[in-house]
DNA sequence: AAGATATTTCATCAATTATTCATAAAAGGT
DNA sequence: ACCTTTTATGAATAATTGATGAAATATCTT
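Residue numbers (our numbering), protein chains in the order written: chain A, 194 to 419; chain B, 194 to 419.
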């Protein structure tokens with residue numbers, strides 16, 4: 194994942210502040226100081242999210258959004274100054290994902306950014322089908338096919354399998370898995386992961402497949418593909 | 194690793210004291226006596242860590258931090274005088290990594306410095322792949338490839354190998370290795386290192402490779418590259 | 001609300017890895 | 001060559017970590 198965000202706003206101070214916050218969260222940030230520059234940057238960089246001010250000289254935020262939506266479903270958060278009325282209907286129609294009123298609380302801003310990107314990523318994940326040889330994980334209908342047979346599995350197991358399988362060969366600690374697959378802030382027993390791994394292995398047990406859920410002793414688990 | 198630290202504080206006495214402690218730990222130290230000088234030094238030197246006082250004339254610590262964070266994720270420890278309240282929220286938002294209240298205990302200070310740098314280095318190391326000819330150490334998979342074959346190894350050995358290999362030609366004493374590769378404060382037998390070295394050599398034994406884990410008599414070990 | 005299903009926790013055992021120790025071997029100094 | 005210091009190594013022991021079945025909770029269905 195690239196974690197790249199494009200910020201389009203003619204107020205350079207605001208840009209800087211936003212950039213700061215986002216960078217602290219680990220995002221790479223591109224700034225554009227007017228609508229046209231924003232469109233150019235967008236076409237050059239393929240960001241994961243766009244933060245877009247409405248009131249800008251020449252090409253305003255609505256124009257930019259319209260333009261972007263012609264070719265892309267990238268999530269967009271609109272910025273609007275206090276006092277300015279935000280036309281929700283228009284926003285909705287044009288496909289804005291959220292809007293924030295300036296001046297805003299940094300925490301809230303970050304929270305919204307995360308919410309929107311999470312939603313978007315999820316949607317992406319939900320529509321993904323992961324295929325390894327005879328294993329097909331389909332997250333849009335929560336089914337797992339193994340050797341052409343449907344393997345019945347509870348959701349958590351599917352999610353865990355899906356997460357591991359979508360990052361092949363990378364080792365994750367139990368803590369990382371709990372964070373990624375379980376709820377955002379989950380402080381349960383890390384043995385929980387073991388149990389789910391065990392069940393997955395039991396259900397998908399077989400010789401001679403080209404992948405395997407492997408234990409990395411003292412570290413965690415990985416979905417290993419040969 | 195450069196082990197270079199930049200200290201920014203207008204109190205020259207404190208600067209000197211800090212410098213002393215840090216140098217005793219083997220760091221190279223640059224001092225800057227006001228915010229602007231600090232920024233200049235930062236741009237010139239690329240330190241591994243910055244120690245930054247908040248209350249300074251003209252450009253205060255927050256300004257400096259803001260400036261630095263525009264371009265860099267270098268770890269920063271903030272200094273704050275007793276009585277002064279440290280705005281944790283602001284600190285967190287701006288991306289400070291830790292803060293220490295003056296006057297401080299030298300031991301604690303050093304401990305924090307080490308903790309912060311360790312954290313930063315770890316993150317860097319976790320995503321690294323080290324390649325020497327026919328040896329490939331991948332820390333994100335926890336795998337070692339030697340002559341295109343996976344060499345199974347317990348984690349400690351991989352970590353030791355990885356550490357040595359990522360500092361080629363540098364000699365480490367057993368004590369240093371215990372500190373760096375083992376847990377922070379590990380007071381075990383230093384022969385433990387020998388045993389792990391032995392096992393590594395056994396597993397990676399071969400003639401005519403362009404690297405070697407070499408014993409430096411009376412000192413320690415190094416990963417020597419020809 | 002009862003029953004079914006899913007998830008988490010827990011206790012125990014087995015497997016793996018880490019550490020220590022005793023002894024042998026090697027290196028350095030005189 | 002001889003003695004001292006340091007390192008290498010094999011084997012024993014200790015400590016950690018993982019797998020697993022079963023029990024306890026939580027969640028979902030009807």
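Even for Gly, the Cβ is constructed at its ideal location relative to N, Cα and C.
Asked, Found
"Which of helix, strand or coil does DSSP assign to residue 295/B?", "strand"
"If you draw a straight line from the alpha carbon of residue 359/A to that of residue 268/A, how long is it in whole angstroms?", "22 angstroms"
"What does a CB cutoff of less than 6 angstroms around residue 204/A pick up in its chain, not counting 5 residues either side in sequence?", "none"
"Which value, in whole angstroms, describes the spacing of the CA atoms of residue 206/B and residue 312/B?", "29 angstroms"
"When the cut-off is 9 angstroms and only beta carbons count, does residue 372/A lie next to chain B?", "no"
"Is the CB-CB distance between residue 302/B and residue 211/B below 9 angstroms?", "yes"
"Can you find the residues in the same chain that come closer than 7 angstroms, C-beta to C-beta, to residue 216/A, ignoring five residues on each side of it along the sequence?", "222"
"Do you know whose CA, among 387/B, 395/B, 386/B and 361/B, lies nearest residue 418/B's CA?", "361/B"
"Check whether the Cβ atoms of residue 271/B and residue 232/B lie closer than 9 angstroms to each other.", "no"
"Mind checking who residue 404/B pairs with in its DSSP beta bridge?", "418/B"
"Are the C-beta atoms of residue 213/B and some chain A residue less than 9 angstroms apart?", "no"
"Just by C-beta distance, which residues in the segment 202-233 of chain A are closer than 8 angstroms to chain B?", "209, 212, 213, 214, 216 and 217"
"If we define contact as Cβ-Cβ less than 9 angstroms, is residue 409/B a contact residue for chain A?", "no"
"Roughly how many angstroms lie between the CA atoms of residue 194/A and residue 275/B, to the nearest whole one?", "Low local confidence applies: a pLDDT of 47 at residue 194/A is under 50, so the model's placement there is unreliable, with the coordinate-based value given in what follows. So the two alpha carbons sit approximately 43 angstroms from each other."
"For the beta strand (DSSP E) that residue 247/B lies in, which residues bound it at each end?", "Taken as a continuous stretch (DSSP letters only), residue 247/B belongs to no beta strand (DSSP E), as it is neither H nor E."
"Using the C-alpha atoms, what's the distance from residue 273/B back to residue 293/B?", "6 angstroms"
"Leaving aside the five residues before and after residue 374/A along the sequence, list all residues of the same chain whose C-beta is less than 7 angstroms from its C-beta, in chain order.", "352, 353 and 356"
"Quick check: what's the CA-CA separation for residue 333/A versus residue 348/A?", "12 angstroms"
"Please say whether residue 198/B and residue 241/B have beta carbons closer to each other than 9 angstroms?", "yes"
"Can you give the Cα-Cα distance for residue 370/B and residue 345/B, rounded to whole angstroms?", "22 angstroms"
"Output yes if chain A places a C-beta closer than 9 angstroms to the C-beta of residue 393/B; else output no.", "no"
"If contacts are defined as beta-carbon pairs under 8 angstroms, then residue 339/A and residue 397/A qualify, I think. What distance do you get, rounded to the angstrom?", "6 angstroms"
"Residue 228/A to residue 200/A, Cα distance in whole Å?", "10 angstroms"
"Taking C-beta to C-beta, are residue 413/B and residue 365/B nearer than 9 angstroms?", "yes"
"Strictly by DSSP, which residues pair up with residue 201/A?", "225/A and 245/A"
"Return the residues of the segment 328-342 of chain B that lie within a Cβ-Cβ distance of less than 7 angstroms from chain A, sorted by chain order.", "333, 334 and 335"
"State the Cα-Cα distance for the pair residue 363/B and residue 196/A, rounded to the nearest angstrom.", "36 angstroms"
"For residue 337/B and residue 325/B, what's the separation of their Cα atoms in angstroms?", "11 angstroms"
"Whose Cβ in chain B lies nearer than 8 angstroms to the Cβ of residue 364/A?", "333, 334 and 335"
"Terminal residues of the continuous alpha helix (DSSP H) containing residue 321/A?", "From DSSP, residue 321/A is part of no alpha helix (DSSP H); its letter is neither H nor E."
"Enumerate in chain order the residues of its own chain whose CB-to-CB distance from residue 329/B is below 6 angstroms, with the five nearest sequence positions on each side excluded.", "338"
"Cα separation between residue 305/B and residue 208/A?", "33 angstroms"
"In whole angstroms, what separates the C-alpha of residue 406/A from that of residue 392/B?", "27 angstroms"
"So, is the C-beta of residue 269/A closer than 9 angstroms to a C-beta in chain B?", "no"
"With DSSP run on the structure shown, which of helix, strand or coil describes residue 194/B?", "Note that residue 194/B scores 49 on pLDDT, short of 50, meaning its location in the model is unreliable and no value can be drawn from it."
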